[in-house]
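Undergrad:
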Amino acid sequence: MSPARAMPSVPLAAWALFALLAASGLATSEAAYDPNAPKLVWAFALLGSALAAHALALGLGRAGIPRARHSDGWVLAAFAAATLCALVSDYPWFAAPALRDAALAVLAYGSARFAFAGGRVAPLLDRTLAGLTGVACLYGLARLLDPAAPWLVAPGGWHVRRLTSTLGNQDTFAAWLLIALPFIMRGHTHSRRWRPAWAVAGLLAVVCLALTVSRAAWIAFAVQAAAWRLGGRARRRLPLRLFAAAALAAVAVLAVLPGLTAKLGSASTFRQRLVIWDASARMALARPFTGHGPGAFGAAFPEFRSPDYRASGLSDVNEFAHDLPLHVAATGGIAGLLALALGLVVLVREAGVGGSSGRSTEPEAAPHSLAILGVLVQNLFSVTLCVTPIVATLAVVWGAAEDDAPPATPARSPVACAALLMLAMAAAWGATSAGRDFAALCHLRSARLAIDEGLSSGGFGWEPGAIRELEGALAARPGCVPARYRLAGVRALSGDLPRALASYIMVEALSPGFAELPRNRAEVSFAAGALDAARKQARRWHDMNRRDPAGPVLMAKVELAAGNHAAARENALLAKDLGAPGPAVEALLEALRVP
């Protein structure tokens, strides 16, 4: 390392806070909400611990203590283990969010390597990130282009349901693509040997970004491309032709598929965002200086809903303001907004779009800054997960490395102090959120044990205890969909059919990706005597799963109860052809047999 590029002096406390963020944010990822996914929980706990240990090793090295050797290898090994566990998980709807979290971990780790390795990022990190993007894009396209998907033949926005069940959430998947695209652009621009591979990866990523139908992500990608161009990062030609071709292909796909066109032309989403923003603004004005506290948005939100909120068709629970500044103002107040603004100044300066110092950053730093710039622009219209810890991490890294002054002076820089302030707030936010996640996870595990014990013993009286545990999980984390889903099932078993049906409807409003919801709603509606609703949900289940005989069996039962014997016989024979269990079908046919 040259003397001119002296290693910046980062306080040990800052890296301790980063270790807290890494350990809490990754160990309590989305997968931790479901006790059925222990492999993912332990894998990301391992990854978070490895990142935290490496961050502390870097901080100790700055304090004069020799840095642990081979720590890079341990971090990459933990990252590979977490990715492998995500891919082979028995619960595929957790695979893509886990991959996204892994990519964010690579981004944070690469930023630390850039700050503490003389401005050079390990090429393996970039290739790993691009490889993960390719895997997720292929996985998403394979499911999006599934011939059995109803939205391919009928309009109505079914692509959103399919994409949600496949990738966790279309907004978070778009955020992940926005993180990966700057690395792909840099690889295509600076690599001759791998340029065709980078071109294919870029084409695939842009097509997938278009298929998310996230207009906020489209705007963010345009800002990324403009920042790349205005910042003078493209030493060679920016692959504009490649992305223009990808955009044309995406437009062609949007024009062909009616479900995508209907979603793009719909104004209901914008109206729903307006009522959410109105309630979020009321929250921010109620406590303008301190906010309602980190992680308390979902608990405080119901008090500030307007009369138009229910008319918009939204659920009673909402965890995000769908606007990052509004969300920060509601939870952190003016201090949080100030820290966010100063952190954004750091990122914009490092992206090279409007910096006053005239100092250019190395090409290796551009993808990191552009990735976070794109995610921040997207978060002006939405709130995606894991944004605050990554922004804070990069802010403290770049804020401390802002000047080439001696090691004792960078900590006095106003930008570095603002970055440290933002990191401290993000650490408090992450610790509080991690505590809520851990409490919800403990309640979920206790409820699962009670449910398993009650079902295995065949006894009675276990339902109230399981319901109390599940309600405790929802009190800690109102948006915990698995807890609400299990609560609906326990209420159905206990005979509380109206509340069970209401819980299932709430689950579908929060997360349409649960594939079993139409079947659950059909069974509960049939048990409650609501034959029209049961018929509708059974038909919907059959349309989504053409090869599953459970749909025709349900429809046959509904038609038999309604007195439509011809339709019931037709559905029973269809279930028999699909391989339904013999006794169930024979019982239906016996009931339909004319004496």
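Sequential numbering from -17 applies to the sequence shown in the working numbering. Virtual Cβ for every residue (Gly too), placed ideally from N, Cα, C.
With a threshold of 8 Å on Cβ separation, who are the neighbours of Leu431 within its own chain once the five nearest residues in sequence on each side are excluded?
TA: Counting only Cβ-Cβ distances below 8 Å, and skipping sequence neighbours, we find nothing.
Undergrad: Helix, strand or coil, according to DSSP, for Val195 in the structure here?
TA: Correct three-state label for Val195: coil.
Undergrad: Please report the distance separating the alpha-carbon of Val189 from that of Val540.
TA: For Val189 and Val540, the distance between alpha carbons rounds to 42 Å.
Undergrad: Can you tell me whether Arg521 is helix, strand or coil according to DSSP?
TA: Arg521: helix per DSSP, three-state reduction.
Undergrad: Measuring straight from C-alpha to C-alpha, what distance separates Arg168 and Leu191?
TA: Each residue's Cα considered, the two are about 18 Å apart.
Undergrad: Mind the definition here: the segment 421 to 429 touches the segment 463 to 471 only if three or more C-beta pairs lie below 8 Å; say whether that holds.
TA: Touching, yes, given that three or more Cβ pairs across the two stretches are closer than 8 Å.
Undergrad: Note down, in chain order, each residue of its chain lying with its Cβ closer than 8 Å to the Cβ of Ile201, except the 5 sequence neighbours on either side.
TA: Cβ within range, chain order: Val359, Gln360 and Phe363.
Undergrad: Determine the DSSP secondary structure at Arg466, reduced to helix, strand or coil.
TA: DSSP places Arg466 in helix when its eight states are reduced to three.
Undergrad: Got a sec: is the Cβ-Cβ distance from Val195 to anything in chain B below 8 Å?
TA: Protein chain content of the structure displayed is limited to a single chain, and chain B is not contained in it.
Undergrad: Going by CA-CA distance only, name the one from Ala520, Trp180 and Asn502 that's closest to Glu490.
TA: Per the Cα distances, Asn502.
Undergrad: Please work out which residues of its chain come closer than 7 Å, Cβ to Cβ, to Glu435, disregarding the five sequence neighbours upstream and downstream, and give them in chain order.
TA: Result list for Glu435: Trp444, in chain order.
Undergrad: In this structure, does DSSP put Leu560 in helix, strand or coil?
TA: Looking at Leu560 - three-state DSSP - the assignment turns out to be coil, as it is neither helix nor strand.
Undergrad: Would you kindly work out how many angstroms separate the C-alpha atoms of Ala179 and Ala198, rounded to a whole number?
TA: Using only the alpha carbons, I get a separation of about 27 Å.
Undergrad: Quick check: Ala263 and Leu308, are their CB atoms within less than 8 Å of each other?
TA: Yes, the Cβ-Cβ distance between Ala263 and Leu308 is below 8 Å.
Undergrad: Quick one: what does DSSP say Phe271 is sitting in, helix, strand or coil?
TA: Reduced to three states, the DSSP call for Phe271 is coil.
Undergrad: Taking the straight line between their C-alpha atoms, what separation do you get for Leu157 and Leu355?
TA: As written in the sequence, residue 157 is Ala, which differs from the Leu given in the question. In a straight line, the C-alpha of Ala157 is about 11 Å away from that of Leu355.
Undergrad: For Ala557, collect the residues of the same chain with a Cβ closer than 6 Å to its Cβ; drop the 5 residues on either side in sequence, then sort them by chain order.
TA: Same-chain partners within the cutoff: Pro531, Pro534, Val535 and Val567.
Undergrad: Alpha carbon to alpha carbon, how far is Ser485 from Ala520?
TA: Straight-line Cα distance between these residues: approximately 18 Å.
Undergrad: Restricting to Cα atoms, I'd like to know which of Ala544, Pro164, Ala261 and Gln254 is closest to Pro284.
TA: Ranking the options by Cα distance to Pro284, first place goes to Ala261.
Undergrad: Beta-carbon within less than 7 Å of Gly561's beta-carbon, same chain only, minus the 5 sequence neighbours each way: which residues are those?
TA: Correct list, in chain order: Pro531.
Undergrad: With DSSP as the reference, label Asp260 as helix, strand or coil.
TA: Three-state result, Asp260: helix.
Undergrad: Under 8 Å between the Cβ atoms of Arg159 and Ala183?
TA: Reading off the sequence shown, one finds Leu at residue 159, where the question assumed Arg. Cβ atoms of Leu159 and Ala183: not closer than 8 Å.
Undergrad: Would DSSP call Asn502 helix, strand or coil?
TA: Residue state, collapsed to three classes: helix.
Undergrad: Give the range of the alpha helix (DSSP H) segment to which Leu362 is assigned.
TA: Unbroken run through Leu362: none, as it is neither H nor E.
Undergrad: Return helix, strand or coil for Arg528, following the three-state DSSP convention.
TA: Correct three-state label for Arg528: coil.
Undergrad: Relative to the C-alpha of Leu452, which candidate in Leu256, Arg473, Leu437 and Gly440 has its C-alpha closest?
TA: Of the candidates Leu256, Arg473, Leu437 and Gly440, the one whose C-alpha sits nearest the C-alpha of Leu452 is Arg473.
Undergrad: If you compare alpha carbons, which of Leu319, Ala303, Gln254 and Arg253 is closest to Pro270?
TA: It is Leu319 whose Cα lies nearest to the Cα of Pro270.
Undergrad: So, is Leu8 buried or exposed, given that buried needs 16 or more other C-beta atoms within 10 angstroms?
TA: Summary for Leu8: the model assigns pLDDT 39, below 50, so the residue's position carries little reliability; its value from the coordinates is reported in the next sentence. Buried, because 16 or more other Cβ atoms sit within 10 Å of the Cβ of Leu8.
Undergrad: Using alpha carbons as the reference points, say which of Arg450, Ser476, Thr272 and Pro349 lies closest to Arg211.
TA: Checking every option, the nearest Cα to that of Arg211 belongs to Pro349.
Undergrad: According to DSSP, simplified to helix, strand and coil, what is Asp514?
TA: Note: Asp514 maps to helix in three-state DSSP.
Undergrad: Do you know whose CA, among Gln206, Glu552, Arg528 and Thr272, lies nearest Val357's CA?
TA: Measuring from the Cα of Val357, the nearest candidate turns out to be Gln206.
Undergrad: Locate the alpha helix (DSSP H) running through Pro446, then write down its first and last residues.
TA: Element bounds for Pro446: Glu445 to Ala458.
Undergrad: Quick check: Pro500 and Met537, are their CB atoms within less than 8 Å of each other?
TA: No. Outside cutoff.
Undergrad: Under a Cβ-count criterion, where at least 16 other Cβ atoms within 10 Å of its own Cβ denotes burial, should Leu145 be classed as buried or exposed?
TA: Reliability fails at Leu145, whose pLDDT of 39 lies under 50, so the model's placement of it is uncertain and the value that follows must be treated cautiously. The residue in question, Leu145, is buried, as its Cβ has 16 or more Cβ neighbours within 10 Å.
Undergrad: Looking only at its chain, what residues have a beta carbon closer than 7 Å to the beta carbon of Thr272, apart from the 5 residues adjacent to it on each side?
TA: Within the same chain, Thr272 has close Cβ partners Gly315.
Undergrad: Quick one, which of Phe442, Trp523, Pro164 and Leu542 has its alpha-carbon nearest Gly511's?
TA: Cα-wise, what sits closest to Gly511 is Leu542.
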